[in-house]
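For the sequence shown, the positions run 13 to 239 when our numbering is used. Some notes on the structure that comes next.
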Amino acid sequence: MNPMRFCFIVIALLLCASTARAGRLEDGIAALLSGNNQDAMIYLQPLATKGDVHAQVAMGILHEKKMGDFGGALKWYTRAGDQGDPVAAWLAGTLYDNGKFCGHPPYNMGAALKPDMNEAAKWFRKAADGGFPAAQASLATMYVEGYGDLKPDKAEADFWYSLAIASNAYADLSVYGFAPGSVDIAHIKELATESRADVEPALSPAQLAEVQKRVKEWKPTAPAAPK
Numbered sequence: 013m014n015p016m017r018f019c020f021i022v023i024a025l026l027l028c029a030s031t032a033r034a035g036r037l038e039d040g041i042a043a044l045l046s047g048n049n050q051d052a053m054i055y056l057q058p059l060a061t062k063g064d065v066h067a068q069v070a071m072g073i074l075h076e077k078k079m080g081d082f083g084g085a086l087k088w089y090t091r092a093g094d095q096g097d098p099v100a101a102w103l104a105g106t107l108y109d110n111g112k113f114c115g116h117p118p119y120n121m122g123a124a125l126k127p128d129m130n131e132a133a134k135w136f137r138k139a140a141d142g143g144f145p146a147a148q149a150s151l152a153t154m155y156v157e158g159y160g161d162l163k164p165d166k167a168e169a170d171f172w173y174s175l176a177i178a179s180n181a182y183a184d185l186s187v188y189g190f191a192p193g194s195v196d197i198a199h200i201k202e203l204a205t206e207s208r209a210d211v212e213p214a215l216s217p218a219q220l221a222e223v224q225k226r227v228k229e230w231k232p233t234a235p236a237a238p239k
């Protein structure tokens, strides 16, 4: 076979596979949003098992929001977070922050679940380093008073609030399976602006200048975020 023709065939097959994957993801998310948990599982689980981060997050949302299975949700969030997805890492952090996860499956539905601030901070930092503004605001809040092993550090809080406010990334989270308006990034940035205004009076001019310098030089560790 002509090598050039072979290359064209390979490219065509890859494009078909990509289109099919996108279709299954869209069908799975549509089923998730409509409350059809069974179909959502059928479409999303094979993609998630193969490592698709969007499907993994959607599977996490399915387990957390629709099934009340916080362990299952954490499994999928951390799998995607370990691949470098900031949204998934933030969701893992929120489970630990809110105390919805305790120990390992099986779960006692309705039992008190103990928060873990150190795990929350670990996942929030991973997501914040990746450029997700909600995680940046969450991490900043942890620095205001000090949670877990984090010491109170208002300069560090100001830094993360400033990054969250300046970010234009992740305005559309529909590809992850979020219901419209369920994560309001604009509102999160408004709250970050208010919180930063409370923090900055405690900082010296030198500290403020250093924060501004760090914000200008900062780069996300994750791939470019969808906008």
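Heads up, the beta-carbon is just placed ideally off N, CA and C, and yes, glycines get one too.
Look at the Cβ atom of Lys166, then the Cβ atom of Ala133, and state whether they are nearer than 8 angstroms. Taking the sequence shown and counting its residues from 1, the one referred to as residue 166 is at position 154. Taking the sequence shown and counting its residues from 1, the one referred to as residue 133 is at position 121. Not a contact, by the Cβ cut-off of 8 angstroms.
Buried/exposed call for Gln224, threshold 16 Cβ in 10 Å: Position 212 of the sequence shown, counted from the first residue, corresponds to residue 224. Flag for Gln224 reads exposed.
Using DSSP with H/G/I as helix, E/B as strand and the rest coil, what is Thr150? Within the sequence shown, the letter at position 138 stands for residue 150. Checking the sequence, you will find Ser at residue 150 rather than Thr. DSSP places Ser150 in helix when its eight states are reduced to three.
If Gly72 and Leu103 are in contact, beta carbons under 8 angstroms, what's the gap, nearest whole angstrom? Taking the first residue of the sequence shown as 1, we reach residue 72 at position 60. Taking the first residue of the sequence shown as 1, we reach residue 103 at position 91. Right, the Cβ-Cβ distance comes to about 6 angstroms (below 8 angstroms), so this counts as a contact.
For Ile197, which residues in the same chain have their Cβ closer than 7 angstroms to its Cβ, ignoring the five residues on either side in sequence? Here residue 197 is taken as the residue at index 185 of the sequence shown, counted from 1. Cβ within range, chain order: Pro145, Ala146, Tyr182 and Ala183.
To the nearest angstrom, how far is it from the Cα of Leu175 to the Cα of Tyr159? As a first step, residue 175 must be located in the sequence shown, where it is residue number 163. As a first step, residue 159 must be located in the sequence shown, where it is residue number 147. Answer to the nearest angstrom: the Cα atoms are 20 angstroms apart.
Buried or exposed for Asn120, going by 16 or more other Cβ atoms inside 10 Å? In the sequence shown, residue 120 corresponds to position 108, counting from 1. Note that Asn120 scores a pLDDT of 41, beneath 50, so its modelled location is shaky; the value from the coordinates is reported in the next line. Looking at its Cβ environment, which holds fewer than 16 other Cβ atoms inside 10 Å, Asn120 is exposed.
My output table needs one value for Leu185: the three-state DSSP class, helix, strand or coil. Position 173 of the sequence shown, counting from 1, holds the residue named residue 185. Reduced to three states, the DSSP call for Leu185 is coil.
Note down the Cα distance separating Thr233 from Leu86, rounded to an integer number of angstroms. Here residue 233 is taken as the residue at index 221 of the sequence shown, counted from 1. Here residue 86 is taken as the residue at index 74 of the sequence shown, counted from 1. Straight-line Cα distance between these residues: approximately 22 angstroms.
So, Ile41 versus Gly189, is the Cβ gap smaller than 8 angstroms? By 1-based counting over the sequence shown, the position of residue 41 is 29. By 1-based counting over the sequence shown, the position of residue 189 is 177. Against a cut-off of 8 angstroms, the Cβ pair of Gly189 and Ile41 comes out as a contact.
Is it the case that the Cβ atoms of Pro98 and Asp109 are separated by a distance below 8 angstroms? Taking the first residue of the sequence shown as position 1, residue 98 is located at position 86. Taking the first residue of the sequence shown as position 1, residue 109 is located at position 97. It is not a contact, given that the beta carbons lie outside the stated cut-off.
Starting from Asp210, follow the alpha helix (DSSP H) in both directions and report where the run begins and ends. As a position in the sequence shown, residue 210 is number 198, starting the count at 1. From DSSP, the alpha helix (DSSP H) with Asp210 extends over Ile197 to Val211.
Where do the N-terminal and C-terminal ends of the alpha helix (DSSP H) with Leu162 fall, by residue? Along the sequence shown, read from residue 1 onward, the residue named residue 162 stands at position 150. Unbroken run through Leu162: none, as it is neither H nor E.
Where the alpha helix (DSSP H) containing Gly96 begins and where it ends: By one-based count along the sequence shown, residue 96 stands at place 84. Segment: none, Gly96 is in no alpha helix (DSSP H) and carries neither H nor E.
Looking at the unbroken alpha helix (DSSP H) that takes in Lys225, where does it start and where does it end? As a working note, residue 225 is residue 213 in the sequence shown. Note, Lys225: alpha helix (DSSP H), Pro217 to Glu229.
Under 8 angstroms between the Cβ atoms of Ala60 and Ala52? Translated into positions along the sequence shown, residue 60 becomes position 48. Translated into positions along the sequence shown, residue 52 becomes position 40. No, Cβ-Cβ distance for Ala60 and Ala52 is not below 8 angstroms.
Buried versus exposed, by CB contacts within 10 Å (16 or more), Asp161: As a first step, residue 161 is located in the sequence shown; it is residue number 149 there, counting from the start. With fewer than 16 Cβ atoms within 10 Å of its Cβ, Asp161 is classed as exposed.
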